[in-house]
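Visitor: Sharing a structure, written as structure tokens. Questions coming.
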Amino acid sequence: SPRNFSGGDNNLGVLLAWRGRYDEACREFEIALKQSKGHAREATANLKLCRMLVKTSSTGVLASLTTTDLP
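The working numbering puts the first residue of the sequence shown at -14, with every later residue one more than the last.
What follows is the structure in structure tokens.
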């Protein structure tokens, strides 16, 4: 079965968001959620924040993004 790299996709999304690439970041958070079957809490919260960034360009939201601790 395919391996679940949802934490890596979440972290890549955080990096992309910090680089101002919000659309790409949202896609990575969506991938993380799909891979985790909706269980990636960080990706859920980050996707919500990222969608807010896309709509408002309020960069203060960036401080609320959370990474996933990887083994």
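Ideal Cβ positions, reconstructed from N, Cα and C, are used throughout, including at glycine.
Are T52 and E27 close, meaning C-beta to C-beta below 8 Å?
Guide: By 1-based counting over the sequence shown, the position of residue 52 is 67. By 1-based counting over the sequence shown, the position of residue 27 is 42. Yes.
Visitor: In its own chain, which residues sit with a C-beta less than 7 Å from the C-beta of L47, not counting the 5 before and 5 after it?
Guide: The count along the sequence shown starts at 1 and reaches residue 47 at position 62. Closer than 7 Å at the Cβ level, and outside the excluded window around L47, lie A2, W3.
Visitor: Starting from A2, trace the alpha helix (DSSP H) both ways and give me its first and last residue.
Guide: Position 17 of the sequence shown, counted from the first residue, corresponds to residue 2. Taken as a continuous stretch (DSSP letters only), the alpha helix (DSSP H) holding A2 covers -9 to 3.
Visitor: Nearest CA to the CA of V60: which residue from D8, A17, D54?
Guide: In the structure as shown, the chain starts at -14 and stops at 56, and residue 60 therefore has no counterpart that could be examined.
Visitor: Along the alpha helix (DSSP H) that carries T41, what are the first and last residues, could you check?
Guide: Counted from its first residue, the sequence shown places residue 41 at position 56. Taken as a continuous stretch (DSSP letters only), the alpha helix (DSSP H) holding T41 covers 26 to 41.
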